[in-house]
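Asks: In the order they appear, the protein sequences are chains A and B. Numbering-wise (numbering that gives the first Met the number 0), the first sequence opens with residue 0 and increments by one. Numbering-wise (numbering that gives the first Met the number 0), the second sequence opens with residue 0 and increments by one. C-beta atoms are modelled at their ideal positions from N, C-alpha and C, and glycine is treated no differently.
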Amino acid sequence: MTTPQSTPALAPAPGVRRLTPDKTTIFEGVLSVLHCAIQNDQLYRGVFAIRMFPVRHPTRFISLHFTDLDDKDREIGVIEDLSVFPPEQQALVQRDLAAHYHEKIIRRVFEVKYEYGLLFFEVETQDGREKFEMQWRGDRAEEYGDAGRVLLDALDNRYIIPDVEALPPADRQRFTNFIYW
Amino acid sequence: MPEGSSLVLIRQLPEPVVAAASRLGITGADCLFCVRADLDHTGKARDVWLVVTQKVLVAFAADGVEGTPLTGPFEIAATEKVRTFQTVGGAILQVMRDGFYSNVLRYSNSRREIFGRARQQLERLVDGRPLQLESLSAPSDLVCATCALPLPGRGAACPRCSQHAGLMRRSLALMKPYTGRIAMMVIMMVAGVSLDLLPPLLTKVLVDDVLKERAHVNWLEWILLILVTTATLRGLLNVLIGRTSVTVGTQISKALREQLQAKLMRLSVDYYDRHAVGSLMSRVLYDTEYFQGFVHQVAQGFLVNVMLVLGIGSMLFFMNWQLALLVLLPIPFVVTGTIFFWKRIYPRYYRLWDSQSKMAQLLSGFLSGIRLVKTFGQEERERERFTQAAQYIRQARVTVETSTATFNPIMAFVFSLGGLLIWEAGGHSVLEDRISLGTLMAFLGYVGMFYGPISAISMFSNWVTGFLSSAQRVFEILDAQVTLSVPKNPKPLPDLRGAIEFRNVTFGYDPYVPVLKNVSFKIEAGQFVGIVGKSGSGKTTVVNLVCRFYDPQEGEVFIDGVNVRDVDTHDLHRQVALVLQEPFLFRGSISENIAYGRPGAAPVAIMDAARNANAHEFVCKRHAAYDTRLGERGAGLSGGERQRISIARALLCEPKVLILDEATSSVDTESEQEIQKALAVLCKGRTTIAIAHRLSTLKSADHILVIDEGRVAESGTHDALMTKQDGIYHKLVMIQTQLTRLEM
Chain A
0 MTTPQSTPAL APAPGVRRLT PDKTTIFEGV LSVLHCAIQN DQLYRGVFAI RMFPVRHPTR
60 FISLHFTDLD DKDREIGVIE DLSVFPPEQQ ALVQRDLAAH YHEKIIRRVF EVKYEYGLLF
120 FEVETQDGRE KFEMQWRGDR AEEYGDAGRV LLDALDNRYI IPDVEALPPA DRQRFTNFIY
180 W
Chain B
0 MPEGSSLVLI RQLPEPVVAA ASRLGITGAD CLFCVRADLD HTGKARDVWL VVTQKVLVAF
60 AADGVEGTPL TGPFEIAATE KVRTFQTVGG AILQVMRDGF YSNVLRYSNS RREIFGRARQ
120 QLERLVDGRP LQLESLSAPS DLVCATCALP LPGRGAACPR CSQHAGLMRR SLALMKPYTG
180 RIAMMVIMMV AGVSLDLLPP LLTKVLVDDV LKERAHVNWL EWILLILVTT ATLRGLLNVL
240 IGRTSVTVGT QISKALREQL QAKLMRLSVD YYDRHAVGSL MSRVLYDTEY FQGFVHQVAQ
300 GFLVNVMLVL GIGSMLFFMN WQLALLVLLP IPFVVTGTIF FWKRIYPRYY RLWDSQSKMA
360 QLLSGFLSGI RLVKTFGQEE RERERFTQAA QYIRQARVTV ETSTATFNPI MAFVFSLGGL
420 LIWEAGGHSV LEDRISLGTL MAFLGYVGMF YGPISAISMF SNWVTGFLSS AQRVFEILDA
480 QVTLSVPKNP KPLPDLRGAI EFRNVTFGYD PYVPVLKNVS FKIEAGQFVG IVGKSGSGKT
540 TVVNLVCRFY DPQEGEVFID GVNVRDVDTH DLHRQVALVL QEPFLFRGSI SENIAYGRPG
600 AAPVAIMDAA RNANAHEFVC KRHAAYDTRL GERGAGLSGG ERQRISIARA LLCEPKVLIL
660 DEATSSVDTE SEQEIQKALA VLCKGRTTIA IAHRLSTLKS ADHILVIDEG RVAESGTHDA
720 LMTKQDGIYH KLVMIQTQLT RLEM
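(1) Which whole-angstrom value is the C-beta distance of Q552 of chain B and F506 of chain B, which I expect to be below 8 Å?
(2) Under three-state DSSP, which class holds Q89 of chain A?
(3) Drop a sphere of 10 angstroms on the beta-carbon of A601 of chain B, count the other beta-carbons inside from all chains shown, and report buried for 16 or more, exposed for fewer.
(4) Given a cut-off of 7 Å on the beta-carbon distance, is the pair F84 of chain B and I91 of chain B in contact?
(5) Helix, strand or coil for M174 of chain B, going by three-state DSSP, please let me know.
(6) Assuming Y289 of chain B is part of the beta strand (DSSP E), what are its boundary residues?
(7) Measure from the alpha carbon of I134 of chain B to the alpha carbon of each residue in B:T386, B:Q119, B:R586, B:V142, then state which is nearest.
(8) Indicate whether F131 of chain A and D155 of chain A have their beta-carbon atoms separated by less than 7 Å.
(9) Mind reading off the beta-carbon distance from M306 of chain B to V189 of chain B? Whole number of angstroms is fine, and I expect it under 8 Å.
(10) Determine whether the beta carbon atoms of L232 of chain B and M187 of chain B lie at a separation below 7 Å.
(11) How is M51 of chain A classed by DSSP in three states: helix, strand or coil?
(12) Output, in sequence order along the chain, the residues in the segment 604-634 of chain B whose CB is closer than 9 Å to any CB in chain D.
(13) According to DSSP, is N39 of chain A part of a helix, a strand, or is it coil?
(14) Would a check of beta-carbon distances place P13 of chain B closer than 7 Å to chain A?
(15) Does chain A have any CB closer than 7 Å to the CB of E383 of chain B?
(16) Using CA coordinates, which residue listed in B:T52, B:G451, B:A424, B:Q394 is at the minimum distance from F301 of chain B?
(17) Per the contact definition of three or more C-beta pairs closer than 8 Å, is the segment 313-329 of chain B in contact with the segment 281-299 of chain B?
(18) Should T70 of chain B go down as buried or exposed, given a rule of 16 or more other Cβ atoms within 10 Å for buried?
(19) Helix, strand or coil for F332 of chain B, going by three-state DSSP, please let me know.
(20) Spell out whether any CB of chain A is found under 7 Å from the CB atom of N108 of chain B.
(21) For F59 of chain B and chain A, any beta-carbon pair shorter than 7 Å?
(22) Does any residue of chain B bring its CB to less than 7 Å from the CB of D40 of chain A?
(23) At a CB distance below 8 Å, what residues from the segment 63-79 of chain A approach chain B? Give them in sequence order.
(24) Once DSSP output is grouped into helix, strand and coil, what is the label at C682 of chain B?
(25) In this structure, how does DSSP classify P744 of chain B when only helix, strand and coil are distinguished?
(26) Give a yes or no on whether 7 Å exceeds the smallest Cβ distance from E708 of chain B to chain A.
(27) I need the DSSP call for I186 of chain B, collapsed to helix, strand or coil.
(28) Whole angstroms is fine: what's the gap from P53 of chain A's alpha carbon to D80 of chain A's?
(29) Measuring only between beta-carbons, confirm whether H56 of chain A sits less than 7 Å from chain B.
(30) Kindly indicate the opening and closing residues of the alpha helix (DSSP H) around D72 of chain A.
(31) Near V545 of chain B, what residues of its chain come up, given a Cβ to Cβ distance below 8 Å and the 5 sequence neighbours on each side ignored?
(32) Give a yes or no on contact between the segment 611-622 of chain B and the segment 691-711 of chain B, applying the rule of three or more CB pairs nearer than 8 Å.
(33) Report yes or no: is there a C-beta of chain A within less than 7 Å of the C-beta of V55 of chain B?
(34) Check the Cβ of G465 of chain B against every Cβ in chain A and list those closer than 8 Å, keeping chain order.
(35) If we count Cβ pairs, one from each stretch, closer than 8 Å, do we get three or more for the segment 396-406 of chain B versus the segment 346-359 of chain B?
(36) Which partner residues of Y271 of chain B appear in the DSSP bridge assignment?
So this is what it looks like as structure tokens:
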């Protein structure tokens, strides 16, 4: 009878670097540029933040990047939970995230008209009532999460409907008459 | 200030901006150019002006609330670099100072084009090169200069200004080549309708003069004979009309399919980056079917019925106008119902089509990736996805069919009410001797014929809804912009030498996100050049530009000293061969696959090519040798065998430029050796560009380009690059050497 051999332990894979408040300090430099100091590592200047799961976890898993001297964008690490950072650092990251995303959230769809291969939308967003045009093509209205759609207008501006089913019935009807996919 | 400046974009600067600029000592004479942004740094919609002088760039809010610059001034002399940093839905103009970027101003994607141009001028300013300010005021490629309507593609014709015809008009235009036959068909239809009007008239004579009054009993046989003749002629005409409409219809759908295929061949590669293959297949296969029925539906479904309605309507009014008015009573209900049907059902046809298209895409992905599904044990998940897609089709179909199934009986009920009204009013008229029984019988005969065509016409909208949604998808392909310009006077290059030059090339699949950044290099004719770099560094993009699958946004690509934009693409593609990591083989025989680029190649030439590609031996072992039929994507051959077939295919074309894109990456070591031997033959005397992860395969290259983050980071021979201890190439070679040792 042979003695069963123990399974060798798997070598830990490095994965992404987690940024935690005990080792990471985010602060503002001149001209409102974001900097990030990490214990036992260098000071990163000109830092910017990106959401890793902008649909499923918009407030978590935030990746901090910087641009090196060769103009390459490099990741510093990922903040799993921003709320554990000091409030002033949270505010800085939130401000940077706000600068990185320019998206309109559609709340109402008042009119959708088709002409010249374009859909002419009149909608209400967080900025009020507005109009935009988009090409009536499958690649201009992509899925956004499980139930939403992101519309790319003719100039690539982004209009998001987080949940099509949550639109008022008449608005939904107007919308799905054309964005049926 | 703007008056004296060389250029002020869009319009004059607002007064608060002029005032704020003056406080910084900036005058109109200083201003080189100004560009308006549409967001402030918080993302709020706000007019912000970038003012650029010879010395500084500075951003001011147009409303002047702050009274000071929003950002800046940034000294040009202290600026190391300028970039437009693409974010999500917008971008940021940034300048690098002291080794890191600072934000100058933010804008939405609406302003991306103009800031892309401004960035180029700022780079020139920083580099001390002369400005080209006219580019800032050049018309937009994205919107119509006349009516500001967004264009379907960069630089495309404006659909509003070019008076694009409607879908139905364009569909009718497809019939133009068959005008003669269609005219014959219309004549036959008029004759047919005239014949249809005859039987009720004869019925009147039969009832009143033969059966009731018995005045002309001997007419009975004659009337019956005429009725039989009428029915025979009508049947004959129906056959002729049906045959003509089928002939013309199939010709139209065939011509349309050919047009679609030709257009799909002409469309640039970027079109396929944006559209799912399943969706395109569905359009060519199924949407064109609708056009086949177009002639039949327009002629027999619409025109005949319109003629019948007009003809019968005239007869009804001629016989008794009071009763005829009663016949018209249900018409408003029919029209209202049709409009309702149009509005409610029309969009549901889109959903039905979408469900079928999604199912096709799902099946295509699932069947071609069956090995992957099995390997990862995801059969159950795929079953669930399929069930969802099948359910989607079912729901879409149910919605369309139940709506139709509800609408039709309601319409039938409305029509039957019309018939009952005639019985009521007409019956009283007969009893009161105001009309004869024969007239009522004839009238009822006509009424029976009248509602049928009305119903068919209202149902025609049902067909039209489906047809228009198909037509829209078909014309979408036909109208798609071919993004690569065709040279007006293409320069022939019948005998390519193979010298290649990239001059300051910047290119991105998304025009605002460059993959290659200001890349310049030269390859002499006949050289063997290796391209190395990390995944995503831009290696394949280089060869995509050599093959002119795309055009660069900036800079130029030359082949034998001629800009590839000016070269006859037929000459170019005939003499440039591409061997990809995943060789693509078609369903067909091995010999057909080898001779794909030279269909008329002699069998001996095919064998020579295969021999030189080290493919001949394994082909000989097959029962049918070169006539062996291959399945989809070369099923039946191993990865290495497929690759050698694709090399033989390239060899047979005797290309002057050979591009090997990771040609040996996905095969085992033994196959790789075989392929390397084949490639050694193939590369002799021709310009060869080889992209390879296994650097050992590039040792003999005349020159190696190391691409990193879209730039040529290093270049030189293997030996020269190995002398740079901290170089990228040296590091890559060291890593691979260690990996090889570990594998041993």
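Replies: Reading from the atomic positions:
(1) 6 Å
(2) helix
(3) exposed
(4) yes
(5) coil
(6) No beta strand (DSSP E) contains Y289 of chain B, which is instead part of the alpha helix (DSSP H) from 287-295.
(7) In the sequence as presented, Ile is not what sits at residue 134 of chain B; that position holds Ser. Ranking B:T386, B:Q119, B:R586, B:V142 by Cα distance to S134 of chain B puts B:Q119 first.
(8) no
(9) 7 Å
(10) no
(11) coil
(12) Note that chain D does not occur in the displayed structure, where the protein chains are A and B.
(13) coil
(14) no
(15) no
(16) B:G451
(17) no
(18) buried
(19) helix
(20) yes
(21) no
(22) no
(23) F65, T66, L68, D69, D70, K71
(24) helix
(25) Outside the displayed range of chain B (0 to 743) lies residue 744 of chain B, so it cannot be described from this structure.
(26) yes
(27) helix
(28) 14 Å
(29) no
(30) Here D72 of chain A belongs to no alpha helix (DSSP H); instead the beta strand (DSSP E) covers 72-80.
(31) I499, V556, I558, V563, V575, V656, I658, I688
(32) no
(33) no
(34) The contacting residues do not exist; G465 of chain B stays about 14 Å from chain A at best.
(35) yes
(36) Its beta-bridge partners do not exist; DSSP assigns none.
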